[in-house]
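Engineer: Note that the protein sequences, when read in sequence, are chains Y and U.
Count the first sequence with my numbering and you get residues -18 to 191, in order.
Count the second sequence with my numbering and you get residues 535 to 849, in order.
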Amino acid sequence: MRLVRCLIAFVAVAGFFRLFPLFHVVRLESAAGQAATVFDATQFAETFWTGKLLPSARSSSVDAAVLLPAIQADAAAARKKYSHGAVLGDTYFYFVSGSGRVTSVSDDEVSLRVTKGGHDAEVSIQTGLVFGDALRDGSGMLNPGDFPDSQNFNDISAALDHIAESRVIPALRKQAKIGATVFFAGCAEVDDESTDLKPLKVIPIQTALQ
Amino acid sequence: MKHPLNKLAAIPALALAALCLTPSVWADGKQKIAVVVSTMNNPWFVVLADTARDRAIELGYDATIFDSQNDTAKEAANFENLIAAGYSAVLFNPTDANGSIVNVRKARAAGVPIFCIDREINATDAAVAQLLSDNYAGCVKLGQYFVKTVGQTGTYVELLGLVGDNNTWNRSKGFHSVVDRYPGLKMVAQQSGEFDRAKGLEVMESMLQAHPDINAVFCGNDAMAMGAYQALLAAGKADQVKVFGFDGADDVLKLIAAGKIEATGMQFPKTMARQAAEFADEYLKGKRDFPQKVPVAVQLVTHDNVANYGDYGKK
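(1) Given U/G779, which residues of its chain have a CB within under 6 Å of its CB, disregarding the five upstream and five downstream residues?
(2) Can you give me the Cβ contacts of Y/S175 inside the same chain, cut-off strictly under 8 Å, excluding the 5 residues immediately before and after it?
(3) Thinking C-alpha only, which one of U/N656, U/F709 and U/Y679 is nearest U/Y670?
(4) In chain Y, what lies closer than 8 Å to U/W703 by C-beta?
(5) Can you tell which of U/G695, U/L719, U/L693 and U/A811 has the C-alpha that lies nearest to the C-alpha of U/K682?
(6) Find out if the Cβ-Cβ distance for the pair U/A783, U/V840 is shorter than 8 Å.
(7) Does the stretch 59 to 70 of chain Y come within contact of the stretch 154 to 163 of chain Y, defined as at least 3 CB pairs closer than 8 Å?
(8) Under 8 Å between C-beta atoms, does U/R715 make it to chain Y?
(9) Kindly provide the ranges of any alpha helix (DSSP H) runs that are 4 or more residues long and lie completely inside the stretch 656 to 693 of chain U, ordered along the chain.
(10) Spell out whether any CB of chain U is found under 8 Å from the CB atom of Y/A17.
(11) Our contact map puts Y/V77 next to Y/V183 with C-beta atoms below 8 Å; I'd like the distance itself, whole angstroms only.
(12) Report the partner residues of U/Q724 according to the DSSP bridge assignment.
(13) For U/L696, go through chain Y and note every residue whose CB falls closer than 8 Å to its CB, in chain order.
(14) How is the alpha helix (DSSP H) around U/L787 delimited, first residue to last?
(15) Using a beta-carbon distance below 8 Å, is U/Y670 in contact with chain Y?
(16) Please determine, among U/L735, U/R653 and U/R715, the residue with the shortest C-alpha to C-alpha distance to U/T629.
(17) What residues in its chain sit with their C-beta under 7 Å from that of Y/L35, if we drop five residues either side in the sequence?
(18) On the three-pair Cβ rule with 8 Å, is the stretch 802 to 816 of chain U touching the stretch 579 to 593 of chain U?
(19) Answer with buried or exposed for U/K819, where buried requires no fewer than 16 other C-beta atoms within 10 angstroms of its C-beta.
(20) Please report the distance separating the alpha-carbon of Y/G109 from that of U/K707.
(21) Tell me which residue opens and which closes the alpha helix (DSSP H) that Y/H100 is part of.
(22) Around the Cβ of U/D659, are there at least 16 other Cβ atoms within 10 angstroms (buried) or fewer (exposed)?
(23) Considering just the uninterrupted stretch of the beta strand (DSSP E) at U/M800, what are its terminal residues?
(24) Do three or more CB pairs link the stretch 130 to 148 of chain Y to the stretch 21 to 39 of chain Y at distances below 8 Å?
(25) Checking contacts by CB at 8 Å: is U/K707 closer than that to chain Y?
(26) What distance in whole Å lies between the Cβ atoms of U/L693 and U/Q725, which are believed to be in contact at a cut-off of 8 Å?
(27) Could you tell me which of Y/P151, Y/G98 and Y/A189 sits nearest to Y/F165, measuring between CA atoms?
(28) Can you find the residues in the same chain that come closer than 6 Å, C-beta to C-beta, to Y/Y121, ignoring five residues on each side of it along the sequence?
(29) Can you give the Cα-Cα distance for U/F600 and U/F626, rounded to whole angstroms?
(30) According to DSSP, what are the bridge partners of Y/V171?
(31) Any contact of the stretch 827 to 842 of chain U with the stretch 769 to 778 of chain U, i.e. 3+ C-beta pairs under 8 Å?
(32) Quick one: using the 10 Å Cβ neighbour count with 16 as the cut-off for buried, is U/T805 buried or exposed?
(33) Given this structure, state the Cα-to-Cα distance separating U/Y817 from U/I651, to the nearest angstrom.
(34) Taking the alpha helix (DSSP H) that U/A619 falls in, what are its first and last residues?
(35) Tell me which residues of the stretch 102 to 126 of chain Y have at least one Cβ-Cβ distance to chain U shorter than 7 Å, keeping chain order.
(36) If the cut is a Cβ gap below 7 Å, which residues of chain Y does U/T658 touch?
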């Protein structure tokens, strides 16, 4: 009788754990798949760069020949009309493209003179180390509200900066000879208008010798 | 015998009475807004909380500050109390990006809208809006200035903030995104000072014993920068070690002007707090379309431009 009770109890316990197991055994590959759901900023940046930023470099950016005279005429009005960026505060960004003649080359920048319709302005294409959020925020295509953890959003900045440094800037350094005409598209951060607009400092996402 | 329908007829009357007694609208006709702040043991957060409360009062609400004392349990108790007391909205400075989510969800379930200020929660479907300093960008600027003033070689230590707070890591990552590109700059120690001045002093003292020859210290907030500076002063090393903070606290601005501290990142607590109160007011008046995250730009403050800043903002 006692044996039967034990048997019944054993079956009941076994049945319970069959229905509600304490742990699951899964294949390593599927466990790795779960781990892969962790945000991959490098992959995101790559997809954003090739899928959105580059294709919109000409179509969604403002023409430097329009922007630079607009800034010279009225920086506040130009900001209101053409910039992207923080809702509160002094920092903002421009997504800009255009062509200019190389006037000087240094370790950290290539200076271009943009001329159109009697207007004439200088733009500085940054060719040193790239830091900050200009490439992430400059186009206005990424919304911080789409990223629950801002650390992920910030990791995108670092990944985009790396792409510009490793792919775009080395090519520009080779192309940029004084007197050459260069097409550029990129993003500029304006933090202090007294220094950052004179000239506008653009981190390149695309350049080409013309 | 009374008819059962008589009891049913009493229900609307009771509901009306309950509605009249509900404390979200008080006898003076004002709705109540709660300001829940991570700590009042730091002048910067006092400014944040006081400004939020004062703006809410200006907008016609009764407003009360709840101090969570950097304790998630205390914060949870604050939320229990304010929900039970019938507050209409909460201007919220969380203690923990993950740990505070449950409190926001609880308030939301009770119909109380939450507006996060300065610190975020790791969820975009709980608070109505989050007004957040761009800590990463601010510390990129600090990192660039650090390299400019310390140079491309040297040793330094870092005082981190609260390890559960995203601001801690956004600041640290922004700073390191720059400084780590210079292999001659070596970080010899990194430890949490919990955003606290006394703790910052204590940690700096022990770091100085282990690393007496450092060139600089990067602090995740100004309270720790003040503590670190105090430790350096006591050790006779205030002229040897460059101090960098973050917040834009008035006492640090004074030391920057005096050439004792190198730089800080000016957050704009008053701007954020006022905007949060205005968002809450708009929400309570019917608006529902708010951006989930509102970045607030941070400005680099150095000896060159410190005259332009003061009173937790730009003059």
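Using N, Cα and C, we set each Cβ at its ideal position, and we do this for glycine too.
Here the structure is a predicted model, which means the values were calculated and not measured.
Structural biologist: On the basis of the data shown:
(1) C753, D756, A759, V786 and T798
(2) none
(3) U/F709
(4) Q132
(5) U/L719
(6) no
(7) no
(8) yes
(9) 669 to 684
(10) Unreliable placement is indicated for Y/A17, whose pLDDT of 44 sits below 50; no coordinate value is reported for it.
(11) 6 Å
(12) U/E692
(13) Here the premise fails: no neighbours, minimum Cβ distance about 14 Å.
(14) D784 to A791
(15) yes
(16) U/R653
(17) I186 and Q187
(18) yes
(19) exposed
(20) 20 Å
(21) Counting along the chain, Y/H100 falls outside any alpha helix (DSSP H), though it belongs to the beta strand (DSSP E) covering H100 to Q107.
(22) exposed
(23) A797 to M800
(24) yes
(25) yes
(26) 7 Å
(27) Y/A189
(28) The residue asked about is misnamed: residue 121 of chain Y is Gly in this sequence, not Tyr. Only H65 meet the Cβ criterion.
(29) 10 Å
(30) Y/Y73
(31) no
(32) buried
(33) 16 Å
(34) Taken as a continuous stretch (DSSP letters only), U/A619 belongs to no alpha helix (DSSP H), as it is neither H nor E.
(35) L110, F112, G113, D114, P125 and G126
(36) G126 and P129
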